Structure formats: C-alpha cells, structure tokens
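Worksheet: one structure, shown below.
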Amino acid sequence: MKRRLWNLIALTSLLVAIVAVTIWIRSHFRADVINIPTGQDSLGHSWIELISNEGVLYWSRGKNLRDIPQPQHPGGQWDWSSIPTIPTVRQEFRELAKFFHGSEIAGIAWFVDSLSPMQGGWRQTGWRLAIPDAWLLACSSVLPAAWVAQRMFRRRRRLKGICPQCGYDLRATPDRCPECGTQQIKIN
Ligand SMILES: [Zn+2]
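Every position in the sequence shown, counted from 1, becomes a number in our numbering once 1177 is added.
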C-alpha cells in the first residue's frame, strides 16, 4: 500500500515534469495567456492571470477597481489565448518589480502591486510571481529521479543475493527474507 502510494506520487510528479518540459519548449514559439475570474465584490472584480512566455511562467493575482474601466474579460468567463511570444514581458516584469520593491531568489521573482499607475491608466491591486520553467522541471524531476535510483538500488541488491529492503544475506533463504519478511522476486 505504502509502495503503491509512493509509485503514484512519483508518477504524478513525472507527469508534471513532462508538462513542464512541454510548456518550456512551447513558450519559445507561442505565448499562452490564461485569465481566470475569481470573484466580484463591491470594490471590483478579481482574477488570476497566467502567462507562459519565453521559458518563464508569470502568475498574477489582482483586482480591477470598480471606478476604472475594465480592460479585459468583463464577462466573468475564463479564457485562454495563444499568441506569438511577447519579447517585452520579462523587461516589463523587471521594471514593475523594481518599482514595487519586489524580491528575487534564484530566478523566482515576485512583488505586490498595491496601486499601479504604470498599467496604462487602470488600476489593480494584487501580487505577481515569475517562475522559470527550468525551476518547475527541476522540482518535479526530483521524485521520479529518486524512484529510478531506488529501483536500481533494489535491483542491484537482489542481483547480489541480499534483501532489497534490509540488506540481509538471502543466499540460504532465497524466497523470503528471514530478517524483515519481504517476499523476494526472482531475477534471472
Ligand atoms: Zn529483509
């Protein structure tokens, strides 16, 4: 049961890694912009925007204040658009991050934009985050790599005639480990 759960988690992480590679490669040819409205109250409506562009995933959470004309997606539906890559996104993010005294650690950058006069006349409140696709790939690869390493380690132990679970010498009892009780799978 425990092992099955671990297999499932490693597999899920592998799928995330495959998605990360796909997004990374794609982001050098097409930019993807996803807008998700997340609610409305007396102040205006809030949204999440995801932009995948040139190897970086930008995540913004914001709110358009009510007294300002809504620049996009007033209908309350989420939408996804695929457009040619936008070479200015990175620079714009950097400038805004500088303006709002943002932070950056190992390529992951974020800032809080409380009021944004640089947004072309409309205002928003919220925060933004930029994560390089390389980071997503690196993080999601750790578990699948550990899974493969564990498999190889166990296989080597089995071939050597020792219990893959606890390392006990199994030459006298090849079917079942007398130390930890693990049933042994034969490898020819
Ligand atoms: Zn054992």
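In this text, a Cβ means the ideal position worked out from N, Cα and C, and glycines have one as well. None of these values were measured; they are calculated from a predicted model.
Local Cβ density within 10 Å of residue i, reported as buried at 16 or more and exposed below that
i, result
"residue 1330", "exposed"
"residue 1172", "This structure does not reach residue 1172, given that the chain is present from 1178 up to 1365, and the question cannot be answered."
"residue 1357", "exposed"
"residue 1328", "exposed"
"residue 1221", "buried"
"residue 1286", "buried"
"residue 1182", "exposed"
"residue 1343", "exposed"
"residue 1284", "exposed"
"residue 1341", "buried"
Proximity winner among the options, relative to residue i (alpha-carbon distances)
i, options, result
"residue 1260", "1359, 1203 and 1184", "1203"
"residue 1218", "1240, 1231, 1208 and 1234", "1240"
"residue 1208", "1282, 1266 and 1222", "1266"
"residue 1386", "1321, 1323 and 1282", "Residue numbering for the chain in the displayed model covers 1178 to 1365; residue 1386 lies beyond these limits and cannot be assessed."
"residue 1274", "1306, 1258, 1264 and 1254", "1306"
"residue 1315", "1272, 1194 and 1349", "1194"
"residue 1233", "1216, 1223, 1257 and 1205", "1205"
"residue 1184", "1321, 1237 and 1216", "1321"
**At least three beta-carbon pairs within less than 8 Å, the stretch 1196-1216 to the stretch 1224-1235** = yes
**Request:** Entirely within the stretch 1284-1356 and at least 3 residues each: give me those beta strand (DSSP E) ranges in chain order.
**Result:** 1285-1290 and 1301-1309
**Request:** Only counting runs of 3 or more residues, tell me where the beta strand (DSSP E) segments fall wholly within the stretch 1192-1268, in order along the chain.
**Result:** 1207-1218, 1221-1230, 1233-1242 and 1256-1261
**Prompt:** Which residues have a Cβ closer than 6 Å to any heavy atom of ligand 1, listed in chain order?
**Reply:** 1340, 1342, 1343, 1345, 1354, 1356, 1357 and 1359
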